[in-house]
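Engineer: To convert, count from 1 in the sequence shown and add 3; that's the working numbering. Each residue gets a CB set at the ideal place from its N, CA and C atoms; glycine is no exception. Because the structure is a prediction, the values reported are computed rather than measured. Supplied in structure tokens, the structure appears directly below.
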Amino acid sequence: MNLENRTVSMTLPAEAEFIDVVRLTLYGLCTKVGFSYEEIEDIKVAVAEACNNVVVHAYEPGKGGMMEVHFELIEHGLRIKVKDQGHSFNFSEKAPLAQSLHDKSLEEAQVGGLGIYLMQALMDDVEVNNEGGTEVLLTKRLSKSEEMV
């Protein structure tokens, strides 16, 4: 596949109802790349979480704002960038605090903070840049068995 000019971009209102548009576009591109159904579902969860963070945290309530989503077809995979121009957070401080609920009781679960853990668990690479808003870069590569198909 020729990877030149293989980026799909969209700018959407940072509102929950537009996350479905992102998920539908993501599904089509993941199918084109060759991801399995299970991997597509994992990628959809991670990307929806990144978009949901924009909707919930980036902009002051009632002020509105936009989110940019870029899907880049890379060799043997897909890179997704979710960007906003709103309030940012310190990823290097939050990332080590992101933890699994595997050995915790329901009472120990905290609201918030699971998004970073989910993204890191479901994707191959997660990067966060905090200059001029927040930019989350998620990368998923095809597994070796899928590359052979």
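Taking Gly80 as the reference, give the member of Met13, Pro64, Phe38 with the closest Cα.
Structural biologist: Gly80 has its Cα closest to that of Phe38, out of Met13, Pro64, Phe38.
Engineer: In whole angstroms, what is the alpha-carbon distance linking Asn133 and Glu41?
Structural biologist: Answer to the nearest angstrom: the Cα atoms are 31 Å apart.
Engineer: Quick check on this structure: which residue in Leu29, Asn55, Gln123 has the alpha carbon closest to the alpha carbon of Lys47?
Structural biologist: Of the candidates Leu29, Asn55, Gln123, the one whose C-alpha sits nearest the C-alpha of Lys47 is Leu29.
Engineer: Would you call Ala51 buried or exposed, if buried means 16 or more other Cβ atoms sit within 10 Å of its Cβ?
Structural biologist: Label assigned to Ala51: buried.
Engineer: Along the beta strand (DSSP E) that carries Asp128, what are the first and last residues, could you check?
Structural biologist: First-last of the beta strand (DSSP E) with Asp128: 128-132.
Engineer: Considering only DSSP beta bridges, list what Thr14 is partnered with.
Structural biologist: Bridge partners of Thr14: Glu71.
Engineer: Between the alpha carbons of Thr10 and Leu140, how many angstroms are there, rounded?
Structural biologist: Spanning the two alpha carbons is a distance of roughly 14 Å.
Engineer: Going by the CB atoms, is the gap between Glu71 and Ser146 shorter than 8 Å?
Structural biologist: No, the pair does not count as a contact, with Cβ atoms beyond the cut-off.
Engineer: Need the endpoints of the beta strand (DSSP E) that Lys143 sits in, please.
Structural biologist: First-last of the beta strand (DSSP E) with Lys143: 137-144.
Engineer: Give me the Cβ distance between Gly136 and Lys66, rounded to the nearest whole Å; I'm assuming they're in contact under 8 Å.
Structural biologist: At roughly 14 Å, the Cβ-Cβ gap does not stay under 8 Å, so Gly136 and Lys66 are not in contact.
Engineer: Based on Cα-Cα distance, which residue from Leu117, Ile43, Ile119 lies nearest to Arg26?
Structural biologist: The shortest C-alpha separation from Arg26 is found at Ile43.
Engineer: Starting from Gly37, follow the beta strand (DSSP E) in both directions and report where the run begins and ends.
Structural biologist: Element bounds for Gly37: n/a, residue is neither H nor E.
Engineer: What residues are listed by DSSP as bridge partners for Gln84?
Structural biologist: For clarity, residue 84 is Lys in the given sequence; the question names Gln instead. His73, Leu140.
Engineer: Kindly indicate which three-state DSSP category Glu78 falls into: helix, strand or coil?
Structural biologist: In the structure shown, Glu78 sits in coil (DSSP, three-state: anything other than H, G, I, E or B).
Engineer: For Asn56, is the classification buried or exposed, using 16 other Cβ atoms within 10 angstroms of its Cβ as the cut-off for buried?
Structural biologist: That one is buried.
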